[in-house]
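Q: Structure provided below as structure tokens; questions to follow.
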Amino acid sequence: MAYKAPVSDISFTLNAIAGFSRHLGDGLFGDLDAATVEAVLEEAGRFASEELAPLNRSGDENRALLKDGDVILPPGWKEAYRKFWESGWSALPSPQEHGGQGLPIAVAMAVTEMWNGANMAFGLNPLLTQAGVEALSKYGSEALKTKYLPKMVSGEWTGSMQLTESHAGSDLRFLKTRAVPHGDGSYRISGTKIFITFGEHPLTENIVHIVLARLPDAPEGTKGISMFLIPKFLVNDDGSLGTRNDVRCAKLEHKLGIHGSPTCVLNYGDQGGATGWMVGEPNRGLYYMFTMMNQARLGVGIQSVGVAEHAFQDALRYAYERKQGSTDETPANEMTPIINHPDVRRMLVSMKAKIAAARAICYVNAMAFDLAKQGKDSATRARAEALAALLTPISKAYGSDIAVEVASEGIQVHGGMGFIEETGVAQHYRDARITPIYEGTNGLQTLDLVSRKLPSNNGETIRLFIDELKATVRDVKASNEPAFGAMGECLADSVADLEETSQWLLGQLAENRDAALAGATAYGRLFANAAGGVFLARGALAAARGANGSGAAGEGHIALARHFAETQAPLTKGLKVAVYNSHETVLGKTAEAALA
1040 MAYKAPVSDI
1050 SFTLNAIAGF
1060 SRHLGDGLFG
1070 DLDAATVEAV
1080 LEEAGRFASE
1090 ELAPLNRSGD
1100 ENRALLKDGD
1110 VILPPGWKEA
1120 YRKFWESGWS
1130 ALPSPQEHGG
1140 QGLPIAVAMA
1150 VTEMWNGANM
1160 AFGLNPLLTQ
1170 AGVEALSKYG
1180 SEALKTKYLP
1190 KMVSGEWTGS
1200 MQLTESHAGS
1210 DLRFLKTRAV
1220 PHGDGSYRIS
1230 GTKIFITFGE
1240 HPLTENIVHI
1250 VLARLPDAPE
1260 GTKGISMFLI
1270 PKFLVNDDGS
1280 LGTRNDVRCA
1290 KLEHKLGIHG
1300 SPTCVLNYGD
1310 QGGATGWMVG
1320 EPNRGLYYMF
1330 TMMNQARLGV
1340 GIQSVGVAEH
1350 AFQDALRYAY
1360 ERKQGSTDET
1370 PANEMTPIIN
1380 HPDVRRMLVS
1390 MKAKIAAARA
1400 ICYVNAMAFD
1410 LAKQGKDSAT
1420 RARAEALAAL
1430 LTPISKAYGS
1440 DIAVEVASEG
1450 IQVHGGMGFI
1460 EETGVAQHYR
1470 DARITPIYEG
1480 TNGLQTLDLV
1490 SRKLPSNNGE
1500 TIRLFIDELK
1510 ATVRDVKASN
1520 EPAFGAMGEC
1530 LADSVADLEE
1540 TSQWLLGQLA
1550 ENRDAALAGA
1560 TAYGRLFANA
1570 AGGVFLARGA
1580 LAAARGANGS
1590 GAAGEGHIAL
1600 ARHFAETQAP
1610 LTKGLKVAVY
1620 NSHETVLGKT
1630 AEAALA
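All residue numbers for the sequence shown refer to the numbering used here, where the first residue is 1040 and numbers rise by one.
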């Protein structure tokens, strides 16, 4: 069960595939240098492996509890969190003007993978705090920033993000939480929020809640939602803590996985109303939330890669240790390690290849966020912003889908022992299963991909992206590298499938929108298989040249890229057919007959 942060794989993906080292060398990140980035990754890997991973299993077995209104977390968590924020890990991506280190999003996401790979239930906390910091940094008043951001940035206080209510779920048009002006610039908030991760806990002395609510005169629907900051404890002008605010944890959800993290039902206003302050302008809360949602969704994709990596490491270790059956090479009256069996090896290589592809998609996505923010000219920034928007639903949906698949395959590698809780590998599956639901279900991600991201800029963004994929495929073919096998041909076919299907969907959006949306999920996987395959091929080209520190590991990067290209990328053929045909079997009388 020992997790070892895959620092070398992360560094290779960041540099050889996402192009971080090239942009670093071009001065995109000021005086930040490669040695500093590598030191950050190495130390994060050590902290994740030595401090957080040992608490993963105990956090699963000793779930968070609510006793007399107080949350009790698993043993060792409070001490680990104190080391975490005192070491400065919370401050990595946060703005320097409020005490953060201002490191690139790509680096922050690489570190996020390690926190969640080591201990997903723990890693949720800093991920949500960073989202709160981003909201306040972008839209909060100077007074709110001054009072709350320094301690949120440092990690001395944590944050939560609160949208969901039991009657509405993802449909925020029907949100009921109310905020009434108090006459002094503050508001009194009343209502109930559910599924609030780390909404209450003992890790820090204060928790800063970012909450969506309605003003009394707000318009109906999503246009009438505002954003508010509500602290657990009110903060005095000198920065000291005042009285407890009117927000209480009513219960903890009893969950399938991530048992160590408290998922709360929070009541506001049991004693007259919680005191809060508006963030930004009235009735703009949902807009503000969605401007942050892309990065939060990328965070879930990265989180998913981390969980999948942990599941893979456990499965690989077991496959070397467990002896059963024999092969043609096994001496008489002996058993062979199960890794020597073709089907077990197939599962393991497939697991690692899917992880590598998901990691590549996420890190390319993260690099696009950085370029959108810090690109040297407006054209570069605009193009990067469009690419980041296009890739985000893929990062989230593919990353979380393969996390569940890989965790399930990890159980399969363990055989019957995988189904026994004592081995601990079932935890990865239970933990991973929330990720396709977090931050908008994967169905919503692919609907967003097809209905909004695909037709954006009149389809120019997807066309430019496909042109870039084609350029890499041409480089693969031109390399004539024997170790690449049929990589070039397989990827060329896969990219052609993506191009053809994208054009078909653009046409359907204009003529028969429901037909396009019925095939959205299949299209999302088709997109990921094509793009992930080409991104891995980009890494294979670098490895063949010995670039980006691939060194002795280069052969492994090439092998994974070839496996994905020859076994996963060709699945785009069937997915293309599924996109075209889904509306016939999903909509109308055919579906009604099937469901009768």
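Note that beta-carbon positions come from the ideal geometry of N, C-alpha and C, so glycine has one too.
Quick check: the Cα distance between residue 1294 and residue 1479, rounded to an integer number of angstroms?
A: Working through the sequence shown from its first residue, we reach residue 1294 at position 255. Working through the sequence shown from its first residue, we reach residue 1479 at position 440. Looking at the two C-alpha atoms, the distance is approximately 18 Å.
Q: Can you name, in chain order, every residue of its own chain whose Cβ lies under 7 Å from the Cβ of residue 1498, other than the five neighbours on each side?
A: Working through the sequence shown from its first residue, we reach residue 1498 at position 459. Within the same chain, residue 1498 has close Cβ partners 1545.
Q: Please list the segments of the beta strand (DSSP E) lying wholly inside the region 1061-1120, counting only runs of 3 or more residues, in order along the chain.
A: Listed in chain order, they are 1104-1106 and 1109-1111.
Q: Roughly how far, in whole angstroms, is the beta-carbon of residue 1392 from the beta-carbon of residue 1599, given that I think they are within contact range, below 8 Å?
A: Position 353 of the sequence shown holds residue 1392. Position 560 of the sequence shown holds residue 1599. With 8 Å as the limit, residue 1392 and residue 1599 qualify as a contact, their Cβ atoms being about 5 Å apart.
Q: Output the boundary residues of the beta strand (DSSP E) element that contains residue 1391.
A: To locate residue 1391, count along the sequence shown from 1; it is residue 352. Residue 1391 -> not in any beta strand (DSSP E); alpha helix (DSSP H) instead, spanning 1381-1413.
Q: DSSP state of residue 1567, grouped into three classes?
A: Sequence index remark: in the sequence shown, residue 1567 carries index 528 (1-based). Correct three-state label for residue 1567: helix.
Q: Rounded to whole angstroms, what's the CA-CA distance from residue 1533 to residue 1608? Just pull it up for me.
A: Within the sequence shown, numbered from 1, the residue matching residue 1533 stands at position 494. Within the sequence shown, numbered from 1, the residue matching residue 1608 stands at position 569. Approximately 6 Å between the Cα atoms of the pair.
Q: My assumption, with CB atoms under 8 Å, is that residue 1251 sits in contact with residue 1315. Please give the rounded CB distance.
A: The residue labelled residue 1251 in the question sits at position 212 within the sequence shown. The residue labelled residue 1315 in the question sits at position 276 within the sequence shown. Incorrect: roughly 11 Å between the Cβ atoms, too far for contact.
Q: With a CB to CB cut of under 8 Å and the five nearest residues on each side skipped, what residues in its chain are close to residue 1253?
A: Looking up residue 1253 in the sequence shown gives position 214. Result list for residue 1253: 1214, 1215, 1216, 1217, 1218, 1263, 1264 and 1265, in chain order.
Q: Considering Cα atoms alone, identify which of 1341, 1382, 1390 and 1072 is closest to residue 1352.
A: On the sequence shown, residue 1352 is found 313 positions in, with the first residue counted as 1. Checking every option, the nearest Cα to that of residue 1352 belongs to 1390.
Q: Is residue 1079 near residue 1146, with beta carbons less than 9 Å apart?
A: As a working note, residue 1079 is residue 40 in the sequence shown. As a working note, residue 1146 is residue 107 in the sequence shown. Result yes, Cβ atoms of residue 1079 and residue 1146 sit closer than 9 Å.
Q: Would you decide whether residue 1435 is buried or exposed? Buried here means 16 or more other CB atoms lie within 10 Å of its CB.
A: Counting from one through the sequence shown, the residue named residue 1435 turns up at place 396. Its Cβ being crowded by 16 or more others within 10 Å, residue 1435 is buried.
Q: Please confirm whether residue 1430 and residue 1411 have their CB atoms less than 9 Å apart.
A: Along the sequence shown, one-based indexing puts residue 1430 at 391. Along the sequence shown, one-based indexing puts residue 1411 at 372. Not in contact: residue 1430 and residue 1411 (Cβ atoms no closer than 9 Å).
Q: Can you give the beta carbon distance from residue 1199 to residue 1233, rounded, assuming they're within the 8 Å contact cut?
A: Counted from its first residue, the sequence shown places residue 1199 at position 160. Counted from its first residue, the sequence shown places residue 1233 at position 194. Not quite, the Cβ-Cβ distance comes to about 12 Å (not below 8 Å), so this is no contact.
Q: From the DSSP output, read off the bridge partner residues of residue 1268.
A: Taking the sequence shown and counting its residues from 1, one reaches residue 1268 at position 229. Residue 1268 is bridged to 1249 and 1316.
Q: CA-CA distance, residue 1633 and residue 1075?
A: Position 594 of the sequence shown holds residue 1633. Position 36 of the sequence shown holds residue 1075. Straight-line Cα distance between these residues: approximately 58 Å.
Q: Assign residue 1376 to one of three DSSP states: helix, strand, or coil.
A: Indexing the sequence shown from 1 puts residue 1376 at position 337. Three-state result, residue 1376: strand.
Q: How many Å lie between residue 1331 and residue 1374 at the Cα?
A: Here residue 1331 refers to the residue found at position 292 when the sequence shown is read from its first residue. Here residue 1374 refers to the residue found at position 335 when the sequence shown is read from its first residue. Going by the C-alpha atoms only, they are around 54 Å apart.
Q: Provide the residue(s) that pair with residue 1304 in DSSP beta bridges, ordered along the chain.
A: On the sequence shown, residue 1304 is found 265 positions in, with the first residue counted as 1. DSSP lists 1290 as partners of residue 1304.
Q: Would you kindly report the start and end of the unbroken alpha helix (DSSP H) that includes residue 1597?
A: The count along the sequence shown starts at 1 and reaches residue 1597 at position 558. Looking at the DSSP string, the run of the alpha helix (DSSP H) that includes residue 1597 is 1593-1606.
Q: Applying the 10 Å Cβ sphere with the 16-neighbour rule, what's the burial state of residue 1459?
A: As a first step, residue 1459 must be located in the sequence shown, where it is residue number 420. Its Cβ having fewer than 16 others within 10 Å, residue 1459 is exposed.
Q: Is residue 1220 helix, strand or coil when you go by DSSP?
A: Locating residue 1220 in the sequence shown gives position 181, where the first residue counts as 1. In the structure shown, residue 1220 sits in a strand (DSSP, three-state: E or B).
Q: Within a Cβ cutoff of 7 Å, which residues of the same chain sit near residue 1010, ignoring the five residues on either side of it in sequence?
A: Lying before the first or after the last residue shown, residue 1010 is absent from the chain, which here runs from 1040 to 1635.
Q: Residue 1203: beta carbon under 8 Å from a heavy atom of the ligand ADP?
A: As for the ligand ADP, it is missing from this structure, which has no ligand bound.
Q: Is the CB-CB distance between residue 1289 and residue 1343 below 9 Å?
A: For the purposes of this step, residue 1289 is taken as the residue at position 250 of the sequence shown. For the purposes of this step, residue 1343 is taken as the residue at position 304 of the sequence shown. No, the Cβ-Cβ distance between residue 1289 and residue 1343 is not below 9 Å.
Q: In whole angstroms, what is the alpha-carbon distance linking residue 1562 and residue 1423?
A: Working through the sequence shown from its first residue, we reach residue 1562 at position 523. Working through the sequence shown from its first residue, we reach residue 1423 at position 384. Roughly 22 Å separates the two Cα atoms.
Q: Quick check on the DSSP output: the beta strand (DSSP E) that includes residue 1226 runs from which residue to which?
A: Along the sequence shown, read from residue 1 onward, the residue named residue 1226 stands at position 187. Where residue 1226 is concerned, the enclosing beta strand (DSSP E) stretches over 1226-1236.
Q: Express the C-alpha separation of residue 1149 and residue 1249 in angstroms, rounding to a whole number.
A: For the purposes of this step, residue 1249 is taken as the residue at position 210 of the sequence shown. For the purposes of this step, residue 1149 is taken as the residue at position 110 of the sequence shown. Between residue 1249 and residue 1149, the C-alpha separation is close to 25 Å.
Q: For residue 1215, which three-state DSSP category applies?
A: The residue given as residue 1215 occupies position 176 in the sequence shown. Looking at residue 1215 - three-state DSSP - the assignment turns out to be coil, as it is neither helix nor strand.
Q: I'd like the list of long-range same chain contacts for residue 1179, defined as Cβ closer than 6 Å, with 5 residues on each side in sequence excluded.
A: The sequence position of residue 1179 within the sequence shown is 140, counting from 1. So the qualifying residues of the chain are 1318.
Q: Write down the C-beta distance between residue 1511 and residue 1573 rounded to the nearest angstrom, noting that I regard them as a contact closer than 8 Å.
A: For the purposes of this step, residue 1511 is taken as residue 472 along the sequence shown, with counting starting at 1. For the purposes of this step, residue 1573 is taken as residue 534 along the sequence shown, with counting starting at 1. At roughly 5 Å, the Cβ-Cβ gap stays under 8 Å, so residue 1511 and residue 1573 are in contact.
Q: DSSP beta-bridge partners for residue 1283?
A: Walking along the sequence shown from the start, residue 1283 turns up at place 244. The partner list for residue 1283 (beta bridge, DSSP) reads 1272.
Q: Closest by CA to residue 1593, which one among 1297, 1048 and 1041?
A: Looking up residue 1593 in the sequence shown gives position 554. Of the listed residues, the one whose Cα sits closest to residue 1593 is 1048.
Q: Check whether the Cβ atoms of residue 1128 and residue 1161 lie closer than 9 Å to each other.
A: On the sequence shown, position 89 is the one that residue 1128 refers to. On the sequence shown, position 122 is the one that residue 1161 refers to. Taking 9 Å as the Cβ cut-off, residue 1128 and residue 1161 do not qualify as a contacting pair.
Q: Residue 1484 by DSSP, collapsed to three states: which one?
A: Indexing the sequence shown from 1 puts residue 1484 at position 445. Helix at residue 1484.
Q: Do residue 1088 and residue 1043 have their C-beta atoms closer together than 9 Å?
A: Counting from one through the sequence shown, the residue named residue 1088 turns up at place 49. Counting from one through the sequence shown, the residue named residue 1043 turns up at place 4. Their beta carbons are under 9 Å apart, which means residue 1088 touches residue 1043 by this criterion.
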